[in-house]
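Engineer:
Residue numbers (my numbering): 3 to 94.
Right, dumping it as structure tokens:
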């Protein structure tokens with residue numbers, strides 16, 4: 003394969019920009035959701051509240067933390083999948 007053929011194959015995705023754009027958009031949305039959830043998780047698991055007092059764990063709070071942890075794991079997994087799909091599309 004000569005240099006010109008390699009360049010052409012590298013930019014073949016331009017013939018079908020919708021799919022690449024959609025992959026990129028999905029990856030960005032997944033990254034944003036992961037970051038937002040991570041910040042919420044950090045805030046919720048901090049040992050101090052907004053006024054600097056120690057937070058007390060309640061059953062309701064523990065359930066909320068479990069739900070938030072599940073959401074964080076789903077967001078991280080979705081971001082990883084979207085990132086690998088985009089990488090595969092770019093490297094194909």
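Every residue gets a Cβ at the ideal spot worked out from N, C-alpha and C, and that includes glycine.
1) Can residue 32 and residue 80 be called in contact, C-beta distance under 8 Å?
2) In angstroms, rounded to a whole number, what distance separates the CA positions of residue 45 and residue 30?
3) Return helix, strand or coil for residue 58, following the three-state DSSP convention.
4) If you reduce the DSSP assignment to three classes, tell me which class residue 15 lands in.
5) For residue 47, does the count of other Cβ atoms within 10 angstroms reach 16, so buried, or fall short, so exposed?
Structural biologist: Based on what the coordinates show:
1) yes
2) 23 Å
3) coil
4) Confidence at residue 15 is low in this model, with a pLDDT of 48, below 50, so the placement of that residue should be treated as unreliable; the coordinate-derived value is given next. Helix.
5) exposed
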